[in-house]
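Some notes on the structure that comes next.
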Amino acid sequence: MTPTREQVRRAPKVLLHDHLDGGLRPQTIIDLAADNGHQLPDVGGELTAESLGRWFAEAADSGSLERYLETFDHTVGVMQTGPAITRVARECVEDLAADGVVYAEIRYAPEQHVETGLTLDEVVAAVQEGFDQAVVASGNRIVVRQLLTAMRHQARSMEIAELAVAWRDRGVAGFDIAGAEAGYPPTRHLDAFEYLQRENFHFTIHAGEAFGLPSIWQAIQWCGADRLGHGVRIIDDITVHDDGSVELGLLAAYVRDKRIPLEMCPWSNIQTGAAASIAEHPIGLLKRLRFRVTVNTDNRLMSQTSMTHEMTSLVEAFGYGLSDLEWFTINAMKSAFLPFDERFALISDVIKPAYAALRGEVA
Ligand SMILES: O=c1[nH]cnc2c1ncn2[C@H]1C[C@H](O)[C@@H](CO)O1
Ligand SMILES: [Zn+2]
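In full-length UniProt numbering, the protein residues as written are 1 to 363.
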């Protein structure tokens, strides 16, 4: 039977790709802008949480990653003090816990939060404080880690990689690069990735979202990425013949053979033009071919989404049942940048029993 939205909400979910500066509550943006004087956009009427939320969704719904990214000026702009960052981090975890997320890796770029004098270390500490507060308040129902992102058009990736390693025992589990993809290939940051590999550290790379196979190839074969952020364009290396048979190119075969996790973000892809609709999203074929697919939100504010919304949309478009959602969830947990024993415990003690109980309800 098809799970209801409420059953999807209650099902344990694992989130590997979510931007802290893409998930603010609209009211929080209004409050923080009033505090620090940041000029919010003209929403074409009265500024309310609702109208501002709508503005973000519409402005981000442009079909272009570059235009989508412009909306972050207004979230990053209000996250420039310790207390503001801590509030955003706390609310992020509160919202994820309420949505049934049991494990999350939240990413952001520390270098974007130093405009009024915070050090990079202070930014990471402020985020961790907010996470810790919310995790305790949830009764430890959620486990959260930070991923530190470097902006791919900037030149601070080595510094951010060192920052991530310095915080490895204090809540930071990995590293990432993000921002406009075209013109900024992953190899631009090769020294940072080589450093991370020498440190036995984990990283993912936004690749194959707004740019195609060369970006994915570089991310994996030159830079050694553990996972791919989006990776949706791997579909360009897969041919579906008229008779229904499927042929994988060398890169697609490598990604599948090596079980390289794909952090897929369906609604974000529709906004940036990487996919036309949920029903046409490559996630359907990639799941069928048993790639290591995971489901993620990317930016909950810009896409007006949540894990429940992403998964419910997939249930509606592809007819998935609870076992499919459990498969995505276990895929994600297996792919987390958490030690093996901790991943294993979450799968066997939390995820599997909860899905078994839900299946009992649905049957
Ligand atoms: O989907 C994305 N692709 C590339 N970059 C992105 C995406 N979503 C957010 N970002 C950027 C904008 C944020 O300011 C930055 C750090 O979270 O990462
Ligand atoms: Zn992203």
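Even glycine gets a Cβ: it sits at the ideal position worked out from N, Cα and C.
Does any C-beta atom of chain D lie closer than 8 Å to the C-beta of residue i?
i    : result
A356 : Note that chain D does not occur in the displayed structure, where there is just one protein chain.
Can you name the start and end residues of the alpha helix (DSSP H) that residue i belongs to?
i    : result
M197 : According to the sequence displayed, residue 197 carries Gln and not Met. First-last of the alpha helix (DSSP H) with Q197: 190-198.
I347 : Per DSSP, I347 belongs to no alpha helix (DSSP H) and is neither H nor E.
V76  : 73-76
V88  : 82-98
E66  : 65-70
L286 : 283-288
F318 : 307-318
T329 : 322-335
S215 : 213-217
For a test of the three-state rule: what should DSSP assign to residue i, helix, strand or coil?
i    : result
A178 : strand
R170 : coil
V136 : helix
L40  : coil
I30  : helix
E162 : helix
I238 : strand
E58  : helix
M1   : coil
K258 : coil
S277 : coil
Q304 : coil
G183 : coil
T119 : coil
A50  : Note on identity: in this sequence residue 50 is Glu, with Ala being the wrong assignment. Three-state result, E50: helix.
V114 : coil
G130 : helix
L358 : helix
Taking the beta strand (DSSP E) that residue i belongs to, which residues open and close that run?
i    : result
L16  : 13-19
E247 : 246-248
Tell me, which residues are paired with residue i by DSSP?
i    : result
I205 : L228
I106 : D18, Q146
M151 : A178
M264 : V295
V101 : K13
Apart from the five residues on each side of it in sequence, which residues of its chain come closer than 6 Å, Cβ to Cβ, to residue i?
i    : result
F211 : E181, A182
L118 : none
A178 : T149, H206
Which same chain residues end up closer than 8 Å to residue i when comparing Cβ atoms and leaving out the 5 residues on each side of it in sequence?
i    : result
R233 : G208, E209, F211, G212, L213, S215, I216, A274
V102 : P12, K13, V14, R141, I142, V143, L346, V350, I351
CB-CB under 7 Å to residue i, same chain, minus the five flanking residues each way: which ones, in chain order?
i   : result
G82 : L118, E122, A126
Give me every residue whose Cβ sits closer than 6 Å to any heavy atom of ligand 2, in chain order. H17, H19, A178, H206, G229, D298
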